[in-house]
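The sequence shown begins at 389 in this note's numbering and counts up by one.
Just so it is clear, CB atoms sit at the ideal spot from N, CA and C, and this is done for glycine as well.
Because the structure is a prediction, the values reported are computed rather than measured.
As structure tokens, the structure follows; a few thoughts come after it.
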Amino acid sequence: MDSGDPDQVTADQVGAVAVAASAAAAVGGRQIRLRDQAEADEALALLQAAWLKDPDADAVRGF
């Protein structure tokens, strides 16, 4: 769901990032900032790419 305001992160975006972070075991203890919709989209893309590359990776880079 898009709020129409690019500075407003939606609940759907927060949920998608949370699910992706929980699937990427290597994220544990790292801070993921979601200050706007673009940043939320970037975080989700990084998490998904890291998980697809190596679901058991010891580190997720980019945060």
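Using C-beta distances below 8 Å, list every residue in its chain close to residue i, excluding the 5 sequence neighbours before and after it, in chain order.
i, result
"proline 394", "Asp424, Gln425 and Ala426"
"glutamine 401", "Leu422, Gln425, Ala428, Asp429 and Leu432"
Residue i and residue j: beta carbons closer than 9 Å?
i, j, result
"valine 397", "leucine 432", "no"
"alanine 408", "leucine 435", "yes"
Leaving out five residues before and five after residue i in sequence, what residues of the same chain have Cβ atoms less than 6 Å from its Cβ?
i, result
"tryptophan 439", "Ala411 and Ala412"
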